[in-house]
Structure formats: C-alpha cells, structure tokens
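With the UniProt record's numbering as the guide, the letters of the sequence shown map in order to residues 1 to 125.
Glycine residues also receive a C-beta, built at the ideal position from the N, C-alpha and C atoms.
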Amino acid sequence: MSMTKKLPLSDEELEAFEADRDVGAELLQAGREMQAGLDRVVYSPLIAAREKTGLTREQFAGLLGMHASELEKLEQNRNRLDGAVRTLVAVALSHPDALVKAVRAGSPRRLTSLLSSARSWRQAP
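Spelled out as structure tokens, the structure:
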C-alpha cells in the first residue's frame, strides 16, 4: 500500500486559498470561541472511555473501585493511571458494550475485586 505524501501548496494554490479567505471573520469567530471557552480542548483517554460506555462518572468510578472525585482527578491528569485502570480503559475504548453489560449484570463488584487484586499484586514486594 503506497502512501502519497502531501506536498506544500504551489504559489498559485496558495494565492487562490488566500483570495477566498475572510481573515476578519476568522478572527471574530476565534474571539467568540475563546469567550465561550471553546479554545480549551483537553483529551483524556479516560474521559473518552467513560463517554463511549455511556456511563456516568459515578458509575464508571464504581466500576473502577474508586470514588467519583478520584476519577475526576484522573480524568484531569492530576493523578496517574495505574496498570489495571489503563487496561480497563483500553477495554472500554475497544469494547464499551462489554463493560456496559458487566454493569447491567451486576458485575462491577467482581471487576472491582479483580482490579484490587491486580493493584495489590503489583504493589507486593
């Protein structure tokens, strides 16, 4: 499979692009977006995983065996994800339906105990 490399615009293409732009309108739009707080986009795989499952922060935190405030800190990158949580996030991103089924089947306690076991095993001397 060959990948074509995108070449820079030629002088003519660049000139045509610039001729169609309304820089004033672009600046006004950027100002409105900044005022609305749309200039701050934070990506967190944890937030993406939670949103993909459709679970609330409280439900997802329960699934991970933690309080919602701890999950919020993780989502905001104020704390680091441990290996067990990273694995569950990867599952949530690739198979969100599996986690939703586990929650609906009443399995969060089992998942929580598995996560706790993984954490204690990792911390063992």
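Query: Coarse secondary structure for Met34, derived from DSSP in three states; Result: helix
Query: Collapsed DSSP secondary structure at Pro8 in the structure displayed; Result: coil
Query: C-beta contact flag for Leu63 and Leu74 at 7 Å; Result: no
Query: Per-residue burial, residue 200 [other beta carbons within 10 Å of its own, 16 or more giving buried]; Result: Residue 200 is absent from the model: the chain starts at 1 and stops at 125.
Query: Best match in Arg78, Arg32, Met66 and Leu55 for proximity to Ala84 [C-alpha to C-alpha]; Result: Met66
Query: Neighbourhood of Asn77 by C-beta distance below 7 Å, restricted to the same chain and skipping five residues each side; Result: Ser44
Query: Coarse secondary structure for Gly62, derived from DSSP in three states; Result: helix
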